[in-house]
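These notes concern the structure reproduced below.
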């Protein structure tokens, strides 16, 4: 049985407040602009690279030590 250890959301990194007059972009009509297209994990450097369909890339670096923190939104 598999258990979810962590849920990673990247959309909030790229969200912008939209004006009422602003129309959605026509470049990516059928796809979600925040959809993840590619993920790559390197266990030696503890880095995770996440690439999305709208050409954004996020690089996460994980620590060897376990830390518990609260994320404030």
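In the working numbering, the protein residues as written are 100 to 172.
By construction, the Cβ of each residue, glycine as well, lies at the ideal position given by its N, Cα and C atoms.
Please read all numbers here as calculations on a predicted model, not as lab measurements.
N- and C-terminal bounds of the beta strand (DSSP E) containing residue i
i: residue 139; result: 135-141
i: residue 157; result: 156-160
i: residue 152; result: That residue, residue 152, is in no beta strand (DSSP E); it is neither H nor E in DSSP.
Chain-order list of residues whose beta-carbon lies under 6 Å from that of residue i (same chain, five-residue window excluded)
i: residue 147; result: 140 and 159
Cβ pair residue i, residue j closer than 8 Å
i: residue 84; j: residue 161; result: What is shown of the chain runs 100 to 172, which leaves residue 84 out entirely.
i: residue 109; j: residue 152; result: no
Residue of the options minimising C-alpha distance to residue i
i: residue 111; options: 155, 137 and 143; result: 155
i: residue 107; options: 165, 135, 100 and 131; result: 135
Contacting residues, own chain, Cβ-Cβ under 7 Å from residue i (five flanking each side not counted)
i: residue 157; result: 109, 112 and 149
Sequence-distant residues of its chain with Cβ nearer than 8 Å to residue i (five each side left out)
i: residue 131; result: 152
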